[in-house]
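> What follows is a structure written as structure tokens; I'll ask about it next.
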Amino acid sequence: MSAGLERLNQLSPAEAEAELLKCCGSKNWARGMAESRPFRDAGALADAADRIWRQLGREDWLAAFRCHPKIGEKPAQGGAAETRRWAEQEQSGARSAKDDVRAALAEGNRAYEAHFGYIYIVCATGRTSEEMLALLGQRLQNDPDTELRIAAEEQRKITRLRLERLLRELEARVER
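Structure follows, in structure tokens:
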């Protein structure tokens with residue numbers, strides 16, 4: 096077991112929930128994860144994250160979506176510093192976008208939000224701004240139920256990546 100996972104298992108329920116909220120903005124997800132501890136290994140942590148996420152409903156998914164900056168925009172100053180830093184790293188492909196692509200992403204974000212009622216959620220890690228823009232155009236064609244499921248799956252992927260980052264952060268804190 097990694098030192099980060101061991102640390103997560105040892106936190107109080109409230110502390111664990113606060114740490115887990117950095118990975119996913121759904122309070123019900125974070126609470127469910129905190130209550131599912133201890134985790135025997137990173138695989139068990141990931142399995143619990145997926146299981147709990149898939150058991151949640153629309154309102155919990157939307158709560159998680161609201162904690163993200165729009166693709167191509169800087170994270171808001173509220174919330175945990177780690178979450179802001181992680182979001183900036185995840186969206187690094189959008190920061191290097193040309194002006195016309197950045198403008199198209201902004202316009203696409205507005206159209207998406209007007210159409211679906213929430214921001215465009217995409218696991219941006221490793222994707223270029225052009226790829227995210229192309230996906231945005233494709234996803235605007237989806238019906239609302241299909242798109243909500245796709246957005247929830249993208250959030251699940253983001254959460255998994257952030258859980259890995261959280262374990263590294265917790266491990267680094269143990270080492271200090």
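Numbering (the numbering used here), first residue to last: 96 to 271.
Positions of the beta carbon are idealized from the N, C-alpha and C atoms, including for glycine.
Buried or exposed: where does Gln-250 fall if 16 or more other Cβ atoms within 10 Å of its Cβ makes it buried?
By one-based count along the sequence shown, residue 250 stands at place 155. The residue is buried, with at least 16 neighbouring Cβ atoms inside 10 Å.
> Counting pairs of beta carbons, one from the stretch 258-269 and one from the stretch 217-226, are three or more of them closer than 8 Å?
Because the criterion of three Cβ pairs below 8 Å is not met, the stretch 258-269 and the stretch 217-226 do not touch.
> If Ser-121 and Asp-155 are in contact, beta carbons under 8 Å, what's the gap, nearest whole angstrom?
As a position in the sequence shown, residue 121 is number 26, starting the count at 1. As a position in the sequence shown, residue 155 is number 60, starting the count at 1. Right, their Cβ atoms sit about 4 Å apart.
> Which residues mark the beginning and the end of the alpha helix (DSSP H) in which Asp-194 is found?
The residue given as residue 194 occupies position 99 in the sequence shown. 194-211 is the span of the alpha helix (DSSP H), which, as asked, contains Asp-194.
> Buried or exposed for Lys-193, going by 16 or more other Cβ atoms inside 10 Å?
In the sequence shown, residue 193 corresponds to position 98, counting from 1. Classification for Lys-193: exposed.
> How long is the line joining the alpha carbons of Ala-229 and Gln-236, rounded to whole angstroms?
Here residue 229 refers to the residue found at position 134 of the sequence shown. Here residue 236 refers to the residue found at position 141 of the sequence shown. Distance between the alpha carbons of Ala-229 and Gln-236 is about 12 Å.
> DSSP on Arg-135, reduced to helix/strand/coil?
Indexing the sequence shown from 1 puts residue 135 at position 40. Three-state DSSP puts Arg-135 in coil, outside helix and strand.
> Reducing DSSP to helix, strand and coil, say where Leu-235 ends up.
To locate residue 235, count along the sequence shown from 1; it is residue 140. Coil, per DSSP.
> Count the other C-beta atoms from every protein chain shown that fall within 10 angstroms of the C-beta of Val-217, then say buried if there are 16 or more, exposed otherwise.
Locating residue 217 in the sequence shown gives position 122, where the first residue counts as 1. The residue in question, Val-217, is buried, as its Cβ has 16 or more Cβ neighbours within 10 Å.
> Use the C-beta contact count for Ala-111: other C-beta atoms within 10 angstroms, 16 or more gives buried, fewer gives exposed.
To locate residue 111, count along the sequence shown from 1; it is residue 16. Buried, since its Cβ has 16 or more Cβ neighbours within 10 Å.
> Below 8 Å on the Cβ atoms is my guess for Ala-143 versus Met-128; work out the distance and round it to an integer in Å.
As a working mapping, residue 143 is identified with position 48 in the sequence shown. As a working mapping, residue 128 is identified with position 33 in the sequence shown. That pair is a contact at about 6 Å.
> Count the other C-beta atoms from every protein chain shown that fall within 10 angstroms of the C-beta of Glu-242, then say buried if there are 16 or more, exposed otherwise.
On the sequence shown, residue 242 is found 147 positions in, with the first residue counted as 1. Result: buried.
> Below 8 Å between beta carbons: does that hold for Ala-125 and Cys-119?
Here residue 125 refers to the residue found at position 30 of the sequence shown. Here residue 119 refers to the residue found at position 24 of the sequence shown. Going by C-beta atoms, Ala-125 is nearer than 8 Å to Cys-119.
> Could you give the distance in angstroms between the alpha-carbon of Ala-219 and the alpha-carbon of Ser-107?
Taking the first residue of the sequence shown as position 1, residue 219 is located at position 124. Taking the first residue of the sequence shown as position 1, residue 107 is located at position 12. Taking the straight line from one Cα to the other gives about 32 Å.
> Do Arg-263 and Gly-138 have their beta-carbon atoms positioned less than 8 Å apart in this structure?
For the purposes of this step, residue 138 is taken as the residue at position 43 of the sequence shown. For the purposes of this step, residue 263 is taken as the residue at position 168 of the sequence shown. Not closer than 8 Å, so no.
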